[in-house]
Amino acid sequence: MDAFVDDTLDLLDFRRRVDELYRLVRQSGSGEKTWLGWRAGRDELFSSHPQTPLEVGDIRRKEGLAYFDYDEQWRFELIVEPMEGSVVSVSHSSQGSTAMAVIGRVRLPIGDEPYLTVFRFEQYADGIFVPFRDGTAGTETYGGGRYLLDSPKGADLGGSDDRIVMDFNYAYHPSCVYSDRWSCPLPPRDNWLTDAIPAGERL
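Numbering (my numbering), first residue to last: 7 to 209.
Below you can see the structure in the form of structure tokens.
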């Protein structure tokens, strides 16, 4: 089979599997057992799948990715406050940018109750995207930030009516953390938090 076709089908399979991991999370509900299942499934994908962002020889293929301990206090169901649909250009970790529409914001019940902006991709997919950078960035987590929701790629924790689930135990690093083969959208300054969020994936 053609290499390009192989690569495309491998990527499709990878995204199907990610989608299935999050479907099981939504189906099973909150709790450490559900999170451990998601974590194990993600480690399996990253260890051997042809589309793993981990380079050959990366010790994390064997040992798994690093996470903060699970803590239920970092799970929230938050109302999305609508905002006027401005379109912003979100810079990447290396070259390029991605156009995203601002659809609303959520107020986090931590510290001084900061807001996080909720985006929608404009260029290649429809769905919500919530990147963030917090007080652990540059020390315990990637300096560029992490992702919480990326529904076009399957990362969707669910919700109801005007609320969405934001569980920071499921926060994860973008692929550019593992390899310079990737260029990833990074959190705009509106989504930079001063509070530390010791939950989710870590370095």
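Ideal Cβ placement from N, Cα and C applies to all residues, glycine included.
From the DSSP output, which residues share a beta bridge with residue i?
{"i": "Gly165", "result": "Ile170"}
{"i": "Met89", "result": "Met89 is not bridged to any residue."}
{"i": "Ile134", "result": "Arg126"}
{"i": "His98", "result": "Pro191"}
{"i": "Glu207", "result": "Tyr73"}
{"i": "Ala143", "result": "Thr147"}
{"i": "Tyr121", "result": "Arg113"}
{"i": "Asn178", "result": "Residue identity differs from the one stated: residue 178 is Tyr in this sequence, not Asn. Answer is Tyr153."}
Assuming contact is defined by CB atoms lying nearer than 8 Å, are residue i and residue j in contact in what I supplied?
{"i": "Leu192", "j": "Pro120", "result": "no"}
{"i": "Gly43", "j": "Leu51", "result": "no"}
{"i": "Asn175", "j": "Ala202", "result": "no"}
{"i": "Leu199", "j": "Arg139", "result": "yes"}
{"i": "Phe127", "j": "Thr104", "result": "yes"}
{"i": "Val184", "j": "Glu207", "result": "With the sequence shown as reference, residue 184 is identified as Tyr, and Val is not the correct amino acid for it. It is not a contact, given that the beta carbons lie outside the stated cut-off."}
{"i": "Gly151", "j": "Ala143", "result": "yes"}
Looking at the secondary structure, which residues open and close the alpha helix (DSSP H) in which residue i lies?
{"i": "Gly47", "result": "38-54"}
{"i": "Val31", "result": "9-34"}
Between which two residues does the beta strand (DSSP E) carrying residue i extend?
{"i": "Arg81", "result": "81-85"}
{"i": "Arg66", "result": "Arg66 -> not in any beta strand (DSSP E); alpha helix (DSSP H) instead, spanning 66-69."}
{"i": "Asp156", "result": "152-156"}
{"i": "Thr104", "result": "103-113"}
Our contact map puts residue i next to residue j with C-beta atoms below 8 Å; I'd like the distance itself, whole angstroms only.
{"i": "Leu122", "j": "Val112", "result": "5 Å"}
{"i": "Leu209", "j": "Thr147", "result": "6 Å"}
{"i": "Val86", "j": "Val124", "result": "6 Å"}
{"i": "Met106", "j": "Phe135", "result": "7 Å"}
Can residue i be considered in contact with the ligand ZN, in the sense that its beta carbon sits closer than 7 Å to one or more heavy atoms?
{"i": "His55", "result": "The ligand ZN is not part of the structure shown, which contains no ligands of any sort."}
Contact between the region 62-74 and the region 93-107: three or more CB pairs below 8 Å?
no
Is the region 15-26 touching the region 152-165 in the sense that three or more CB pairs, one from each, lie closer than 8 Å?
yes
At a cut of 8 Å, does the region 34-49 reach the region 68-80 through at least three beta carbon pairs?
yes
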